[in-house]
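Participant: First the structure, which I've put down as structure tokens, then a few questions once you've had a look.
Residue numbers (this note's numbering): 3 to 109.
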């Protein structure tokens, strides 16, 4: 399991604790990381590569643009997740069954 990642943004490189990363989203050619404390980082890294690297650390892609950290999951329905900070995100229909399985295995 990965405990830290190094992310390049406009100001340089930042070392981030994986446990602080709540979710990340693809936004055109950038990846937007949402951390605890409502901190956001616009990173110059590949969304696909980050998703692949963090899959073994309890992260799950809930739709084509969003990956969440299952450690911060507080509630979910068939189409919505709510994270620890109250953030609501949509689960795609295509991912719903796979997501429920991933959550049951993670807990």
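Just so you know, even glycine gets a beta-carbon here, dropped at the ideal spot from N, CA and C.
These numbers were taken from a predicted model, which means no experiment stands behind them.
How about the stretch 80 to 95 and the stretch 22 to 32: do they share at least three Cβ pairs that are nearer than 8 Å?
Facilitator: yes
Participant: DSSP three-state call for residue 27: helix, strand or coil?
Facilitator: strand
Participant: Could you work out which residue in 18, 13, 76 is closest to residue 5 when comparing CA atoms only?
Facilitator: 18
Participant: Hey, out of 28, 31, 46, 42, whose CA is closest to residue 15's CA?
Facilitator: 46
Participant: Using three-state DSSP, classify residue 38 as helix, strand or coil.
Facilitator: DSSP places residue 38 in helix when its eight states are reduced to three.
Participant: Determine the direct distance from the alpha carbon of residue 32 to that of residue 12, and round the result to whole angstroms.
Facilitator: 11 Å
Participant: I need the straight-line Cα distance from residue 115 to residue 7, nearest angstrom please.
Facilitator: With the chain covering only 3 through 109, there is no way to say anything about residue 115.
Participant: Thinking residue 20 and residue 59 are a contact (beta carbons under 8 Å), I'd like their distance in whole angstroms, please.
Facilitator: 6 Å
Participant: Let's see if you can read the secondary structure: which residues bound the beta strand (DSSP E) around residue 90?
Facilitator: 90 to 92
Participant: What three-state label does DSSP hand residue 45 in the structure shown?
Facilitator: Strand at residue 45.
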